[in-house]
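S.K.: Under numbering that gives the first Met the number 0, the first residue of the sequence shown is numbered 0, with each subsequent residue one higher. A virtual CB, placed ideally from N, CA and C, is assigned to each residue, including glycine.
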Amino acid sequence: MITEIFEGKPDEVIVHKSGTGFRRSGVVGRRDIAPSEALAGSSTSESLVRHCPVSVLVVHDDHG
0 MITEIFEGKP DEVIVHKSGT GFRRSGVVGR RDIAPSEALA GSSTSESLVR HCPVSVLVVH
60 DDHG
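#1: Can the beta-carbon of residue 65 be found closer than 8 Å to that of residue 20?
#2: Name the residue from 47, 2 and 51 whose alpha carbon lies nearest to the alpha carbon of residue 29.
#3: Among 12, 44 and 15, which residue has its Cα nearest to the Cα of residue 57?
#4: So, at 6 Å on beta carbons, what are the nonlocal neighbours of residue 52 in its own chain, with the 5 sequence-adjacent residues on each side left out?
#5: Spatial neighbours of residue 14 within its chain, please: CB distance less than 6 Å, with the 5 preceding and 5 following residues excluded, ordered by chain position.
Here's what the structure looks like:
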């Protein structure tokens, strides 16, 4: 396994990196965000679903 660390907005970096290499899909976690963030459209998982060039599975933990 290779671990890489990047700077920038998470959704923008992940979208950019997903378009390179041999990635076919991705999995991201989702957490509840404040209503003001939701209205501003600042959900990273939502942005990835809309803009990522590969399939994205969003996992929500409803136990917290």
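M.R.: With the given structure in hand:
#1: The structure shown does not extend to residue 65, since the chain is modelled only from 0 to 63, so the question has no answer here.
#2: Translated into the one-based positions of the sequence shown, residue 29 becomes position 30. Minimum Cα distance to residue 29 is reached at 47.
#3: As a first step, residue 57 is located in the sequence shown; it is residue number 58 there, counting from the start. It is 44 whose Cα lies nearest to the Cα of residue 57.
#4: Your numbering for residue 52 matches position 53 in the sequence shown. Taking C-beta separations shorter than 6 Å and ignoring five residues to either side along the sequence, the partners of residue 52 in its chain run 17 and 18, following chain order.
#5: The residue given as residue 14 occupies position 15 in the sequence shown. A distance below 6 Å between beta-carbons, with the five flanking residues on each side excluded, links residue 14 to the following residues of its chain, in chain order: 50 and 51.
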